[in-house]
Structure formats: C-alpha cells, structure tokens
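Taking the numbering used here, the leading residue of the sequence shown gets 62, the next gets one more, and so forth. These notes are about the structure you will find just below.
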Amino acid sequence: MGLFRYYPSNPKKLDPKMEKRIFIHSLLFPLAFVLVFWIVEIVEQTSGLSFVEFGVFPLHLDGLQGVLFSPFIHSDFNHLVSNSVPFFILLFMLVYFYRHISYRIFFQMYIMAGLCVWLGGREAWHIGASGVVYALAAFHFVSGIIRNDVRLLTLSAIVVFLYGGMVWGLLPIRPEISWEGHLWGAISGVVLAFYYRKYMIRRDKFDWEEEEDDDEEDDFTDNTGAISFTEATFTRDIDNSDEKLPK
C-alpha cells in the first residue's frame, strides 16, 4: 500500500536516504492533522459560527458524532495552541517509532478515548484534541517502561516537562475542563501500550549512548504532554434555545 511504502518490513539498519524519507513521512501525518485543526478554528472564529455541537455529548445520539469530530474543535486559539504542539510531537513519535502499526494504534486510541467519554462523561459538550494527547503521552510513557526504552521515556518526559500540568488535568478540579476526556484518553493509551508490548520498534541511539558504546549495533529492539486540555461546555443548544444541564 502506498501509505506504507516508506516502511520496509525488514527491521535492519536503513541507509541514510531511506531514513530521511521515513523521517519526513513521519512529520507529514501529524502536520496534516494540526493544519486541519487550525483551518477549522480560523473558519469558526472568522465566520462567527460555533462548532461546539460537533463535540461529544455523553449518552445523546447527536453527541456521538463528536467521537470523530471533537478533536478538531477548540474553544479559542489559546485552547488550540495548548493542544497543537504536544499533539504534533507525540504523534510524530508514534509514527516514527512504530511505523507499520502506528496508524492502527492512533485510530484505535482516537476512537477509544472519544467513545469512553461519550459513555462516561458529564452532560456537557466535550471538545478539543487533548484526550488524544493524553492517550499518546500515556502510551509512550508506559510503553517505555514496559520495554525499558530510555528513548520513549525521555521524549515523553520532555513533553510533560515543557507542557506541565498533565497530571492535574486528570482530576475534576475545574468544571470547564473535560477531565473525563483526559482520564479516558490516558487509560486508552495505557491499555494499548500493554496490548502492543511485544511489537518491535525502531531503536535509534542518542548521541550520548553512541559515545558510551560505539561498538553496539544500532538496530530494532524487541518488546517493544502539554498543558493540554479538553473543554466541557455546559449549555446544550436545542431548537435554538439554551438549556442548562447539570454537571
């Protein structure tokens, strides 16, 4: 398939030209998502429209569409910026390290996180990509622990450090924040990290490791966030009238 043409199935060291193509391809997939995020928000802000009702509204059929669309909807540009950077970095890591199955993992956590919010969230509109961000961060971090892979642990820790507050996002502290989206996203990432724990990932050395052990072969290894938040909006527009709903 064309989508995977840059990913040879033989897990041996790749030549520099092929490695460069894979690196670029790994950038394009998350970049495409982030660009769509920004286009949607620009259209919403400049047109005066509200796309909130494309979010997840738990246990209502017309809120089920949000499982697919809610990550593309943000309350404002601050909300969008807080999600865009960690989403891009963490999804790049997924595509680069997991290659052939990265798309499967991504769409599984994407659907799992949204569907769980629909089944177990508060009666409110849940919007934003941070549920997926939490899923990605949890997946990389737990996967790094399971595989004892310093690369995944280090890169995930950097994201959490630079965009601190992810742990607090799992707690019901602020009613306007969809902590359920964060929690279910993180749970989805943990579940998938265990499910794919035996998958072989690309294992590239960092510079400091090469200095410590120049003779070790660079190969695959076996066994194989952000102040990022999802909004919870508590008004539901039915027949052009606002109806306040309980939290």
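Think of the CB as a built atom: it goes at the ideal place given N, C-alpha and C, for glycine as much as any other residue.
Check                                                                                                                                                                  : Outcome
Touching or not, the segment 208-220 and the segment 177-188, by the rule of three or more beta carbon pairs under 8 Å?                                                : no
Give the secondary structure of H121 by DSSP, where H, G and I count as helix, E and B as strand, and everything else as coil.                                         : coil
Does the Cβ of K81 have 16 or more other Cβ atoms within 10 Å, making it buried, or fewer, making it exposed?                                                          : exposed
Evaluate the contact criterion for the segment 186-206 versus the segment 107-126: three or more CB pairs, one atom per stretch, below 8 Å.                            : yes
Need the endpoints of the alpha helix (DSSP H) that W179 sits in, please.                                                                                              : S163 to G181
Taking Cβ positions, are L152 and F94 nearer each other than 8 Å?                                                                                                      : yes
Among residues of its own chain, excluding the 5 on either side of L105, which ones have a beta-carbon nearer than 6 Å to its beta-carbon?                             : Checking the sequence, you will find Glu at residue 105 rather than Leu. Around E105: F112.
Report all residues from its chain with a CB closer than 6 Å to the CB of I134; omit the five preceding and five following residues, and keep chain order.             : F112, F115, G116 and I188
How far does the beta strand (DSSP E) with H135 in it reach, from first residue to last?                                                                               : Per DSSP, H135 belongs to no beta strand (DSSP E) and is neither H nor E.
For M79, which residues of its own chain have a beta-carbon under 6 Å away from its beta-carbon, when the five flanking residues on both sides are left out?           : none
Start and end of the alpha helix (DSSP H) containing I207?                                                                                                             : S191 to R208
Measure the beta-carbon distance from G192 to G246 and round it to whole angstroms, keeping in mind my assumption that it falls under 8 Å.                             : 4 Å
Return the residue from the list I85, M170, L92 and V178 that minimises the CA-CA distance to A254.                                                                    : M170
Which value, in whole angstroms, describes the spacing of the CA atoms of R235 and W229?                                                                               : 10 Å
Of the choices W179, P91 and V101, whose alpha-carbon is the least far from that of L120?                                                                              : W179
Would G242 pass as a contact of A174 if the rule is Cβ separation under 8 Å?                                                                                           : yes
State yes or no: is the beta carbon of I234 nearer than 8 Å to at least one beta carbon in chain C?                                                                    : The chain inventory of the structure shown lacks chain C, comprising one protein chain alone.
Can you tell me whether I100 is helix, strand or coil according to DSSP?                                                                                               : helix
Out of curiosity, what's the CA-to-CA distance linking I238 and H140?                                                                                                  : 11 Å
Where does the unbroken beta strand (DSSP E) through I238 begin, and where does it stop?                                                                               : Counting along the chain, I238 falls outside any beta strand (DSSP E), and DSSP gives it neither H nor E.
Could you check how far apart the C-beta atoms of Y159 and I166 are, in whole angstroms? I think they sit under 8 Å.                                                   : 6 Å
Enumerate in chain order the residues of its own chain whose CB-to-CB distance from S163 is below 7 Å, with the five nearest sequence positions on each side excluded. : L155 and V156
Quick one: what does DSSP say I188 is sitting in, helix, strand or coil?                                                                                               : strand
Please return the same chain residues whose Cβ sits closer than 6 Å to the Cβ of F138, not counting the five positions on each side in sequence.                       : none
Relative to the C-alpha of Y257, which residue among F84, S143, H161 and L122 is closest?                                                                              : H161
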